[in-house]
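Position one of the sequence shown corresponds to residue -1 (our numbering), numbered consecutively onward. Ideal placement from N, C-alpha and C gives every residue a C-beta, glycine not left out. Predicted model only: the values in this text are computed from it and were never measured. Okay, so here's the structure we're looking at.
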Amino acid sequence: LNQTLIKNQDMMRRKVKEIEERKTLSLKSKDEQILDLEEQIRDLKVYIGAQKTLDKMNDEDGVKGGTLLPVPLEQSTSARKSKKPSRRRK
């Protein structure tokens, strides 16, 4: 009887561990999906803002019908800190 209870307990522990792993994978997948959707929203906001700006502008600059190029990503603050300090004159 004791052996059966120990086996059942081990089996239940494995099932709980398996369920927790599936939950973790599911949460990770959802987080990645949320990040992707947030990025898409940001891109749409930029696109709509650019469209509004172009609609307000005159075509004197020859901007309408032109090509938009992506803006390079900003450097993170940690990347900025790694630069050499500038020397100042005294």
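* Asked: According to DSSP, is methionine 9 helix, strand or coil?
  -> Methionine 9 falls in the helix class under three-state DSSP.
* Could you give the distance in angstroms between the alpha-carbon of threonine 2 and the alpha-carbon of arginine 12? -> Their backbone Cα atoms lie some 15 Å apart in a straight line.
* Would DSSP call leucine 71 helix, strand or coil? -> In the structure shown, leucine 71 falls within a coil segment according to DSSP collapsed to helix, strand and coil.
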